[in-house]
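Undergrad: Here it is, the structure in full.
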Amino acid sequence: MLLKRIISFKKTNYVGMNLKLKFFKLAILSLAITSVPCAYAITPAQPNKILHVAYEAPDDGFDMVKTTNFYSANIAEAIFEPLLKYDYLARPLQLVPNTVESLPKVEQDGKVYIFKIKPGIYFTNDPAFKGKRRELVAEDYVYTIKRILDPKNRAPSVSFIDGKLQGADVVVAQAKKTGKFDYAAPIAGLKAIDRYTLQFTLTRQDFNFPYILAYIAFGGVAKEVVDYYGDRIGMHPVGTGPYMLSKYVPRSKVELVANPDYRGFVWNFKSTGTPWDNQLVKEMSGKKMPQVGKVVVSIIEEEQSRWLAFQSGQLDFDKLTANAVPQALDGNQLKASFKKRGIKHYPNKDPEITYTMMNMRDPVIGGFSLEKIALRRAITLSYNQKESIQQAYKSQAVRSQMFIPEGVNGYNPKYKSSVGYNPLLANKLLDYYGYKKAADGYRTLPNGKPLILKINTENSSASVIHSELWKKI
Numbered sequence: 348m349l350l351k352r353i354i355s356f357k358k359t360n361y362v363g364m365n366l367k368l369k370f371f372k373l374a375i376l377s378l379a380i381t382s383v384p385c386a387y388a389i390t391p392a393q394p395n396k397i398l399h400v401a402y403e404a405p406d407d408g409f410d411m412v413k414t415t416n417f418y419s420a421n422i423a424e425a426i427f428e429p430l431l432k433y434d435y436l437a438r439p440l441q442l443v444p445n446t447v448e449s450l451p452k453v454e455q456d457g458k459v460y461i462f463k464i465k466p467g468i469y470f471t472n473d474p475a476f477k478g479k480r481r482e483l484v485a486e487d488y489v490y491t492i493k494r495i496l497d498p499k500n501r502a503p504s505v506s507f508i509d510g511k512l513q514g515a516d517v518v519v520a521q522a523k524k525t526g527k528f529d530y531a532a533p534i535a536g537l538k539a540i541d542r543y544t545l546q547f548t549l550t551r552q553d554f555n556f557p558y559i560l561a562y563i564a565f566g567g568v569a570k571e572v573v574d575y576y577g578d579r580i581g582m583h584p585v586g587t588g589p590y591m592l593s594k595y596v597p598r599s600k601v602e603l604v605a606n607p608d609y610r611g612f613v614w615n616f617k618s619t620g621t622p623w624d625n626q627l628v629k630e631m632s633g634k635k636m637p638q639v640g641k642v643v644v645s646i647i648e649e650e651q652s653r654w655l656a657f658q659s660g661q662l663d664f665d666k667l668t669a670n671a672v673p674q675a676l677d678g679n680q681l682k683a684s685f686k687k688r689g690i691k692h693y694p695n696k697d698p699e700i701t702y703t704m705m706n707m708r709d710p711v712i713g714g715f716s717l718e719k720i721a722l723r724r725a726i727t728l729s730y731n732q733k734e735s736i737q738q739a740y741k742s743q744a745v746r747s748q749m750f751i752p753e754g755v756n757g758y759n760p761k762y763k764s765s766v767g768y769n770p771l772l773a774n775k776l777l778d779y780y781g782y783k784k785a786a787d788g789y790r791t792l793p794n795g796k797p798l799i800l801k802i803n804t805e806n807s808s809a810s811v812i813h814s815e816l817w818k819k820i
C-alpha cells in the first residue's frame, strides 16, 4: 500500500445540551485530557455531576501496550498517565509535564533524556496491591516500556522506539530466540537511576523522542497489576490518572468514576485568541480540576441512533454527524428551534485525515511499471473531492493539502498538493498507456481484458456515498 490520496480535513460540529459542559473543547474526542473532571476526597470532582457521552465504535480493552484502538485510547487517557502530555489549548501542539517535575533534561545533543518523577503520585487502590498504597516510581515506566519491547505482546507502538534505545535490540533478539523476554535484563538506554529518576539513552540524536513518550501506550503501569490479572489486564486497567474504571460491558458501555486520590491541577491554559478559546479561558481559569464525578460512555454505532439519543437528552453532547447537519444548521448557524432548547453549537476543525490506500500487491493496480503508475495516478485524478465533501460530509469538511493536519507540528499552510480533480488528464494518461475504451464504454487493461477495481469500505453511510462516487470514475 503506497499511493495515498488525501480527501478531506474534517470540520467537526459539536452540540451540547448542558450549559455547564461548555468547557469541553474537544468533546467526545478528548474525554480523558485536561478538561475532563474527577472526584471526591482529595479532588474537587462532585459525585452528582455525571457526564453522558457516546462513541461511534467500540473499544478494544485497555491494555494500551496491545492495542492502538482510538476509543480505547480516549478512555485510557483518563486512567493512565504518560510522563508528558500536551498543553490543552496551545497550537501548534506543545508538550508540558504530566507525572514529571519538568520537561526532560537533554544531554549529549539529543541522545540522553532525564526525567524526574513527582513524588507522591499513587495508583488507584486495587486488590493487586494487597491493601498497600502504591506510589508511581521510575521503575514503573521502565517496566511499561519493556512490555512494549516484549515480542510476546506484539505491541503496535513498538515501532515508535524500535532501534532507538541503546541495548534494547540485544534483549529483544534474545527474547525472540528463547521465547521469553527477560524483564530483569538491564538495558543501557532505559534506566531507573533512583526511585524517581528515569534516564533514556538513544542510539542516535532524536529531538522528537519526548513526543513519543506522551503517547498513552507509555502511561505508567504497575507490574503487580499485570501479574495479578494476567490475560485479563485489558479489562482491569489500574493507573494514576483522574478516573478509574467502575463498569465495563464490552461493545456496550464504559463507566468511569473519579479517582479519589488523584492529585488534581489548576486549569490555567492560555487562549490561542479564538472566540472559543477566549470563552473557555474566561470560564475555566483558576478552577481546580477535575470536577465531574462520573462519566458514562455508551457505544452507539449507528449515527441516527446517536442523534436521537442526544435529542432526547440521553447524551450531554455529541459530534454533529453529516446526516444531522440539515436538521440542525442553517448554513453554519444552529437553528432557532435548537437554541430554544438550550442547545449550543461549537464548530471545530478536527485533525482528522480521510484517505484511500492502494494495494501495491494487487495484480491490477500494484507494481511500479509505467502503466501501473499511470493507472494509479488516473484513479487519483478522477475522484471528485469537492463532490465527496458536499455529499458525504454535507460540506462540513475542507480539503487537506497534506498529510499533516493544521495545528500539528510540520503543517505548512503554504503547501499545495499537486493532485487534484482532473478527469481530462486522467483520460489522457489511460489512453497513452493502453487502457482503451471497449465497446461498452468501460476501460480495458493493456492486454484487452476488462479493467475491474475492487474496493473495501467501512460499514457506514458516509462509506456508501464514497462507494457511489468511486463508481463514477
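Number 483 in my numbering belongs to position 136 of the sequence shown; there are no gaps in the numbering.
Where is the CB? At the ideal position from N, CA and C, for every residue including glycine.
May I ask which residues mark the beginning and end of the alpha helix (DSSP H) holding residue 394?
TA: First-last for residue 394: 393-402, but that is the beta strand (DSSP E), not the alpha helix (DSSP H).
Undergrad: If we count Cβ pairs, one from each stretch, closer than 8 Å, do we get three or more for the segment 650-657 versus the segment 668-675?
TA: Output reads yes: the segment 668-675 touches the segment 650-657.
Undergrad: At which residues does the alpha helix (DSSP H) containing residue 602 begin and terminate?
TA: That residue, residue 602, is in no alpha helix (DSSP H); its beta strand (DSSP E) goes 600-605.
Undergrad: How about residue 618 and residue 436: do their beta carbons lie closer than 8 Å?
TA: Yes. Within cutoff.
Undergrad: So residue 561 and residue 429 are in contact, right, with Cβ under 8 Å, and what is the actual spacing, rounded?
TA: With a Cβ gap of about 5 Å, residue 561 and residue 429 count as contacting.
Undergrad: Please determine, among 794, 755, 819, 599, the residue with the shortest C-alpha to C-alpha distance to residue 402.
TA: Among 794, 755, 819, 599, the Cα nearest to that of residue 402 is on 599.
Undergrad: Roughly how many angstroms separate the alpha carbons of residue 636 and residue 427, rounded to a whole number?
TA: The straight-line gap from Cα to Cα measures roughly 16 Å.
Undergrad: For the 8 Å Cβ check, are there 3 or more pairs between the segment 440-455 and the segment 504-521?
TA: With the cut-off at 8 Å, the segment 440-455 and the segment 504-521 do not touch.
Undergrad: Thinking just about the alpha-carbon of each residue, which of 468, 766, 553, 398 is nearest to the one in residue 448?
TA: Here the closest residue by C-alpha is 468.
Undergrad: Can you name, in chain order, every residue of its own chain whose Cβ lies under 7 Å from the Cβ of residue 811, other than the five neighbours on each side?
TA: Excluding positions up to five away in sequence, the list is empty.
Undergrad: Where does residue 577 sit, in a helix, a strand or coil, going by DSSP?
TA: Three-state DSSP puts residue 577 in a helix.
Undergrad: Apart from the five residues on each side of it in sequence, which residues of its chain come closer than 7 Å, Cβ to Cβ, to residue 585?
TA: Only 470, 471, 473, 475, 569, 572 meet the Cβ criterion.
Undergrad: Can you list, in chain order, the stretches of the alpha helix (DSSP H) that have 4 or more residues and sit fully within the segment 722-748?
TA: Runs of the alpha helix (DSSP H) inside the segment 722-748: 732-739.
Undergrad: Hey, could you find the ends of the beta strand (DSSP E) residue 432 is sitting in?
TA: Where residue 432 is concerned, the enclosing beta strand (DSSP E) stretches over 431-433.
Undergrad: Would you please state the rounded distance, in angstroms, between the beta carbons of residue 463 and residue 498? I believe it to be under 8 Å.
TA: Not a contact, Cβ separation roughly 31 Å.
Undergrad: Under a Cβ-count criterion, where at least 16 other Cβ atoms within 10 Å of its own Cβ denotes burial, should residue 771 be classed as buried or exposed?
TA: The residue is exposed, with fewer than 16 neighbouring Cβ atoms inside 10 Å.
Undergrad: Mapping DSSP to helix, strand and coil, what is residue 668?
TA: In this structure, residue 668 counts as coil in the three-state DSSP scheme.
Undergrad: Per DSSP, what kind of secondary structure is residue 496 in: helix, strand or coil?
TA: Of the three classes helix, strand and coil, the one that applies to residue 496 here is helix, per DSSP.
Undergrad: Can you tell me whether DSSP reads residue 820 as helix, strand or coil?
TA: Of the three classes helix, strand and coil, the one that applies to residue 820 here is coil, per DSSP.
Undergrad: If you measure between the beta carbons of residue 681 and residue 558, is that distance less than 8 Å?
TA: Result no, Cβ atoms of residue 681 and residue 558 do not sit closer than 8 Å.
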